[in-house]
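**Q**
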Amino acid sequence: MKGELMLQLDRWLRELADDDNHISLTYVEIAALAKDDLGVTLDYGQACSTVKRGGFTCASTRAHRGPPPAPVGGLTFVEFRDANIKRLFNTEKFKRCIEWTSDQWLKAFIGEVGELCNIDKKVDRGDYDGREREALAEMEKEFADIQTYLDLWAWSKSVDLTRATVAKFNEVSDRVGSDVKL
Ligand SMILES: [Mg+2]
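Position 22 of the sequence shown, counted from 1, bears residue number 3 in the working numbering, the numbering being contiguous throughout.
Next up, the structure:
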């Protein structure tokens, strides 16, 4: 990395850090934020080395901004986001999607919804008769693909899905008079 860029990143990280040089962001979040705040694209390794070179300490992968995430079957939205972004930045094929527009994420998302619907259509048509378990396994994969693209699309808009999901769920509960809250 060029000297001026390194200095710029150091200055920026100092602003993010507390008195103990601790930054309550994961490396992945730092990479995403550097893109938003400075227009600098850092891959996961560069984010790690930049933070370490400046003597900063990063939060663990569970750290995040906002309220603690609720565990969802042993996986949190934050952990999923971390892995999703790490793979996006670390994979030659997926790197091409980093700068995707909302329209492009929408196409990817809808594409996966279409794949799910296509299997369900075949189930309705009887193509999977006697092989329902196989159909469900195929559908499971598409639900997962949908979730992956949804998370990446939300990331591209800097949306914290934990916070958004909790807030919206509770808002709806209030609206319908339910005491079920996240
Ligand atoms: Mg798929």
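Glycine included, every Cβ here is placed at the ideal spot set by N, Cα and C.
Everything numeric in this text was worked out from a predicted model, so none of it was measured.
Any chance the region 107 to 127 sits against the region 24 to 37, with 3 or more Cβ pairs inside 8 Å?
**A** The region 107 to 127 is not in contact with the region 24 to 37.
**Q** What would DSSP say about I190, mapped onto helix, strand or coil?
**A** Past the boundaries of the shown model lies residue 190; the chain is included only from -18 to 163, so the question cannot be answered.
**Q** Taking the alpha-carbon positions, what's the G36 to D1 distance?
**A** In a straight line, the C-alpha of G36 is about 10 Å away from that of D1.
**Q** Roughly how many whole angstroms lie between the Cα atoms of R68 and R77?
**A** Taking the straight line joining both Cα atoms gives about 12 Å.
**Q** Alpha carbon to alpha carbon, how far is F124 from L97? Give it in angstroms, no decimals.
**A** One C-alpha to the other measures close to 7 Å.
**Q** With burial defined as no fewer than 16 other Cβ atoms inside 10 Å of the residue's Cβ, what is the status of A145: buried or exposed?
**A** Exposed, because fewer than 16 other Cβ atoms sit within 10 Å of the Cβ of A145.
**Q** According to DSSP, simplified to helix, strand and coil, what is P50?
**A** Caution applies to P50, whose pLDDT of 47 falls short of 50 and renders its modelled position unreliable; the model cannot decide the point.
**Q** Kindly identify the DSSP beta-bridge partner or partners of C39.
**A** I4, per the DSSP bridge assignment.
**Q** Are the CB atoms of L142 and N236 within a distance shorter than 8 Å?
**A** Since the first residue of the chain shown is -18 and the last is 163, residue 236 is not available in this structure.
**Q** What residue range does the alpha helix (DSSP H) around E121 cover?
**A** Start and end: E113 to S137.
**Q** Counting C-beta neighbours from all protein chains within 10 Å, is the total for D(-1) 16 or more, i.e. buried, or is it exposed?
**A** By the neighbour-count rule (16 or more Cβ atoms within 10 Å), D(-1) is not buried but exposed.
**Q** Report the CB separation of F61 from D132 in whole angstroms; it is logged as a contact under 8 Å.
**A** About 6 Å separates the two Cβ atoms, so the contact holds.
**Q** Tell me which residues share the same chain as D(-9) and place their Cβ nearer than 7 Å to its Cβ, disregarding the 5 neighbours each side in the sequence.
**A** Excluding sequence neighbours, D(-9) sits near G35.
**Q** Around the Cβ of A118, are there at least 16 other Cβ atoms within 10 angstroms (buried) or fewer (exposed)?
**A** That one is exposed.
**Q** Starting from the Cα of F90, find the closest Cα among T82, A64, T57 and D126 and give me that residue.
**A** Here the closest residue by C-alpha is D126.
**Q** Report whether the distance from the Cβ of E119 to the nearest heavy atom of ligand 1 is below 7 Å.
**A** Result no, Cβ not under 7 Å from ligand 1.
**Q** In chain order, what residues place their C-beta within less than 6 Å of a heavy atom belonging to ligand 1?
**A** Residues flagged by the Cβ proximity filter: E93, E96, E123 and D126.
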